[in-house]
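Structure first, then comments.
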Amino acid sequence: MIQEDYIIRIIEEFFAALRRITKKQKDISGQLDALGRLYDTYLGDSSFYHMAGMDEVMESFSRWPEEERIYRMEMLAELYYVEANLKEGLPKKYLQERALPLFSFIDAHSDTYSLDRLRKISELKKSIGG
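Counting with the working numbering, you get residues -9 to 120 for the letters of the sequence shown.
Take a look at the structure:
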């Protein structure tokens, strides 16, 4: 029970911080800097999540307890998604191509049904032609 409360609190803090970045921060550079801090705070080195192959990224989730992994994946998927929306061209597509398999994996393995997640999956598939 304590572990579950801890995970819920982390998730709530993460999404509150993400909302603040997207709502209050006006300049793209500031938003990208703030997103980088979220990667570092909640997942680890942001450069790893931008440079590593997706197999390595998926393997990296094994460092967290099993009951926490899907939530960490969702955090990463959201970070990729939000960051992609701040970029154009190839960097945007690259981030979208990283977000889509994460959202799809989460949708297949999560106990939580999410219309928002399904909307993002559909949007990403249309955007990258998948």
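Using N, Cα and C, we set each Cβ at its ideal position, and we do this for glycine too.
Give every residue of the same chain whose Cβ lies closer than 6 Å to the Cβ of Phe4, excluding the five residues on either side of it in the sequence, and list them in chain order.
-> Here residue 4 corresponds to residue number 14 of the sequence shown, with the count starting at 1. Closer than 6 Å at the Cβ level, and outside the excluded window around Phe4, lie Tyr32 and Met65.
Measuring CA to CA, which of Tyr84, Met63 and Asp23 is closest to Asp97?
-> Sequence index remark: in the sequence shown, residue 97 carries index 107 (1-based). It is Met63 whose Cα lies nearest to the Cα of Asp97.
Measuring alpha carbon to alpha carbon, tell me which of Glu57, Lys82 and Ala67 ends up nearest Lys110.
-> Here residue 110 refers to the residue found at position 120 when the sequence shown is read from its first residue. It is Ala67 whose Cα lies nearest to the Cα of Lys110.
Determine the DSSP secondary structure at Gln21, reduced to helix, strand or coil.
-> Taking the first residue of the sequence shown as 1, we reach residue 21 at position 31. Residue state, collapsed to three classes: helix.
With a threshold of 16 other CB atoms inside 10 Å of the CB of Phe93, please say whether the residue is buried or exposed.
-> Position 103 of the sequence shown, counted from the start, is the residue given in the question as residue 93. Per the 10 Å Cβ criterion, buried.
Taking Cβ positions, are Gln15 and Leu76 nearer each other than 8 Å?
-> If you number the sequence shown from 1, residue 15 lands on position 25. If you number the sequence shown from 1, residue 76 lands on position 86. Not in contact: Gln15 and Leu76 (Cβ atoms no closer than 8 Å).
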